[in-house]
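K.L.:
Each step along the sequence shown adds one to the number in the numbering used here, with nothing skipped, and position 231 is 233.
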Amino acid sequence: MEQRKKEQEEHMRKKAETLQKLKDTKEKLAKLETEHKDSADLTALKKVLQDLEEEEKKINELEKEMEKKERLTPWNIDTIGQDGFTKTVINKKPPRKNDDSDLSDEEKEKRMKQFVKEHEKELKSFGMLKRYDDSKKFLQEHSYLVCENTANYLVIWCINLEMEEKHNLMEHVAHQCICMQYILELSKQLDIDPRACVGSFFSRIQNAEVEYKNSFDDELNAFKDRIRKRAAEKVADAIREAEEEERKARLGPGGLDPVEVFQSLPESLQKCFETQDIPLLQRTIEAMPEEEATYHMKRCVDSGLWVPDAKAKEKEKEKEKEKEKEKEKEKREQQNDEGKTPDPE
3 MEQRKKEQEE HMRKKAETLQ KLKDTKEKLA KLETEHKDSA DLTALKKVLQ DLEEEEKKIN
63 ELEKEMEKKE RLTPWNIDTI GQDGFTKTVI NKKPPRKNDD SDLSDEEKEK RMKQFVKEHE
123 KELKSFGMLK RYDDSKKFLQ EHSYLVCENT ANYLVIWCIN LEMEEKHNLM EHVAHQCICM
183 QYILELSKQL DIDPRACVGS FFSRIQNAEV EYKNSFDDEL NAFKDRIRKR AAEKVADAIR
243 EAEEEERKAR LGPGGLDPVE VFQSLPESLQ KCFETQDIPL LQRTIEAMPE EEATYHMKRC
303 VDSGLWVPDA KAKEKEKEKE KEKEKEKEKE KREQQNDEGK TPDPE
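Set out below in structure tokens:
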């Protein structure tokens, strides 16, 4: 931390020195050119100016690198004590709560369901908050929410909201989700209980420099893009599943889809089925080559488009129903006979 401060001070000193030299050289050069002097001094000054401009370019590039390094520096015990952070109980690190890393997926899912069942009201309340101060206060009052389960719940909620086309609400909840993820990430970096990081995070985000705030916003926008993509995938999957279920429900006795079979028929046969004209169907089949007619009619039967001997099958079904009724009647009579008290001899 102290080393970085020294590097920044040295950089600023060199930058100020170079800019001053650059300014002085430009003024001298302008004066010589105004006097129309073509001397060795003029040539030398131009060379000095060129060198100083190169130096300025290197200094600016170094400054950008330092800013990037500063922005990406992980939070630690030193950086967390800088301006923008509240004084937290860092002297003695609160141990991190037991995580779920050793649990099986089934156990994690079970815990997640129980957590949501017990705290869904508070989870939704946090997701709907707008002001940083309100979020900070709410999490400090409901510290049990500062955990991975809350972040996971908010992610799922965001996906569901996007699938329901509640885009504005999704974006709002997404902001709260990223706040929670930042707190959890800070907890991992410092290896302390995430509950001890709530005040520190909100203090920094509220007093953040432009670069840090831009970094937060970039992460938020990337997260919302991922939510939109995942929601679109789930909607597409649901549509495909519904279409597949519908197709399976249509399948005929031979396992063929009647819609697909109908679309593959010659127009002359399609017309027969559209008009349900049986005599026309018989004439059309007779006019076709035997092999082609057999192929199409077999597919029609397998898909359920055509039921051969439909009337006979209906009569057969009626007979089956009558047989079932007779069996039920005999069964009831038998039960009644068994329940009668035998006559004494």
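Each residue gets a CB set at the ideal place from its N, CA and C atoms; glycine is no exception. Only a predicted model underlies this, so the values are computations on that prediction, with no experimental measurement involved.
Alpha helix (DSSP H) containing Ala-244: first to last residue?
P.N.:
Taking the sequence shown and counting its residues from 1, one reaches residue 244 at position 242. Where Ala-244 is concerned, the enclosing alpha helix (DSSP H) stretches over 212-252.
K.L.:
Which stretch, first to last residue, makes up the alpha helix (DSSP H) that contains Asp-259?
P.N.:
Taking the sequence shown and counting its residues from 1, the one referred to as residue 259 is at position 257. Per DSSP, Asp-259 belongs to no alpha helix (DSSP H) and is neither H nor E.
K.L.:
Which parts of the segment 115-151 are runs of the beta strand (DSSP E), unbroken and 3 residues or longer, counting only runs that do not cross its ends?
P.N.:
none
K.L.:
Taking its Cβ as the centre, do 16 or more other Cβ atoms sit within 10 Å of Arg-133, making it buried, or is it exposed?
P.N.:
Taking the first residue of the sequence shown as 1, we reach residue 133 at position 131. That one is exposed.
K.L.:
Which residues in the same chain as Ser-189 place their Cβ atom closer than 6 Å to its Cβ, once the five residues preceding and following it in sequence are excluded?
P.N.:
Reading the sequence shown from its first residue, position 187 is the one you call residue 189. The answer, listed in chain order, is Pro-196 and Cys-199.
K.L.:
Just the Cα atoms here: how many angstroms apart are Leu-74 and Gln-22?
P.N.:
For the purposes of this step, residue 74 is taken as the residue at position 72 of the sequence shown. For the purposes of this step, residue 22 is taken as the residue at position 20 of the sequence shown. Model confidence at Leu-74 stands at a pLDDT of 47, short of 50, so the residue's coordinates are unreliable; what they give is reported in the following sentence. One C-alpha to the other measures close to 31 Å.
K.L.:
Give the DSSP-derived three-state secondary structure of Lys-168 in the structure shown.
P.N.:
Stepping through the sequence shown from its first residue, residue 168 is reached at position 166. Coil, per DSSP.
K.L.:
Taking the straight line between their C-alpha atoms, what separation do you get for Glu-258 and Glu-328?
P.N.:
The residue given as residue 258 occupies position 256 in the sequence shown. The residue given as residue 328 occupies position 326 in the sequence shown. According to the sequence provided, residue 258 is Leu. The question's Glu does not apply to it. Spanning the two alpha carbons is a distance of roughly 36 Å.
K.L.:
In terms of residue numbering, what span does the alpha helix (DSSP H) encompassing Gly-201 cover?
P.N.:
Counting from 1 along the sequence shown, the entry for residue 201 is found at position 199. Residues 200-208.
K.L.:
Quick check: what's the CA-CA separation for Glu-245 versus Gly-254?
P.N.:
Along the sequence shown, read from residue 1 onward, the residue named residue 245 stands at position 243. Along the sequence shown, read from residue 1 onward, the residue named residue 254 stands at position 252. If I take the Cα positions, the gap works out to 16 Å.
K.L.:
Given a threshold of 16 other Cβ atoms within 10 Å of its Cβ, counted over all protein chains shown, does Val-237 qualify as buried or as exposed?
P.N.:
Stepping through the sequence shown from its first residue, residue 237 is reached at position 235. Residue environment for Val-237: exposed (fewer than 16 other C-beta atoms within 10 angstroms of its C-beta).
K.L.:
Looking only at C-alpha atoms, which of Lys-115, Gln-116 and Ala-153 sits nearest to Phe-128?
P.N.:
Taking the first residue of the sequence shown as position 1, residue 128 is located at position 126. Ranking the options by Cα distance to Phe-128, first place goes to Ala-153.
K.L.:
Can you name the start and end residues of the alpha helix (DSSP H) that Ile-287 belongs to?
P.N.:
One-based indexing of the sequence shown puts residue 287 at position 285. Residues 280-289.
K.L.:
Between which residues of its own chain and Leu-34 is the CB-CB distance below 6 Å, once the five residues before and five after are set aside?
P.N.:
Your numbering for residue 34 matches position 32 in the sequence shown. Leu-44, listed in sequence order.
K.L.:
Below 8 Å on the Cβ atoms is my contact criterion, and I expect Arg-270 with Thr-286 to pass it. Report the Cβ-Cβ distance as a whole number of Å.
P.N.:
Numbered from 1 along the sequence shown, position 268 holds the residue referred to as residue 270. Numbered from 1 along the sequence shown, position 284 holds the residue referred to as residue 286. Note that residue 270 corresponds to Ser in the displayed sequence, not to Arg. The pair is a contact, with the Cβ atoms about 5 Å apart (cut-off 8 Å).
K.L.:
When the Cα of Lys-66 is compared with those of Gln-10, Ala-46, Gly-201 and Val-148, which residue comes out closest?
P.N.:
The residue labelled residue 66 in the question sits at position 64 within the sequence shown. When each option's Cα is compared against that of Lys-66, the closest is Gln-10.
K.L.:
Go ahead and label Tyr-184 buried or exposed: buried means 16 or more other beta carbons lie within 10 angstroms of its beta carbon, across all protein chains shown.
P.N.:
Indexing the sequence shown from 1 puts residue 184 at position 182. Looking at its Cβ environment, which holds 16 or more other Cβ atoms inside 10 Å, Tyr-184 is buried.
K.L.:
Measuring alpha carbon to alpha carbon, tell me which residue in Lys-60, Glu-58 and Thr-27 is nearest Ala-46.
P.N.:
Here residue 46 refers to the residue found at position 44 when the sequence shown is read from its first residue. Selected option, being the one with the closest Cα: Thr-27.
K.L.:
Output needed for Glu-322: all residues of its chain with C-beta closer than 6 Å, excluding positions within five of it in sequence on either side, in chain order.
P.N.:
As a working mapping, residue 322 is identified with position 320 in the sequence shown. For Glu-322, where only same-chain residues beyond five positions count, there are no Cβ hits under 6 Å.
K.L.:
Tell me, to the nearest whole angstrom, how far the beta carbon of Phe-225 is from that of Ile-161; I am working on the premise that it is less than 8 Å.
P.N.:
Residue numbering aside, residue 225 sits at position 223 when the sequence shown is read from its first letter. Residue numbering aside, residue 161 sits at position 159 when the sequence shown is read from its first letter. Not really, about 11 Å apart at Cβ, beyond 8 Å.
K.L.:
Would you say Ile-229 and Phe-218 are within 8 Å of each other, going by their C-beta atoms?
P.N.:
Against the sequence shown, residue 229 aligns to sequence position 227. Against the sequence shown, residue 218 aligns to sequence position 216. No, the Cβ-Cβ distance between Ile-229 and Phe-218 is not below 8 Å.
K.L.:
So Lys-48 and Leu-31 are supposed to be a Cβ contact under 8 Å. How far apart are they, rounded?
P.N.:
Counted from its first residue, the sequence shown places residue 48 at position 46. Counted from its first residue, the sequence shown places residue 31 at position 29. Indeed they touch by this definition, with Cβ atoms about 7 Å apart.
K.L.:
So Leu-54 packs on Thr-20, CB below 8 Å; how close in whole Å?
P.N.:
Numbered from 1 along the sequence shown, position 52 holds the residue referred to as residue 54. Numbered from 1 along the sequence shown, position 18 holds the residue referred to as residue 20. With 8 Å as the limit, Leu-54 and Thr-20 qualify as a contact, their Cβ atoms being about 6 Å apart.
K.L.:
Taking the alpha-carbon of Phe-204 as reference, which of Lys-138, Ile-280 and Lys-16 has the nearest alpha-carbon?
P.N.:
What you label residue 204 is simply residue 202 of the sequence shown in a count that begins at 1. Phe-204 has its Cα closest to that of Lys-138, out of Lys-138, Ile-280 and Lys-16.
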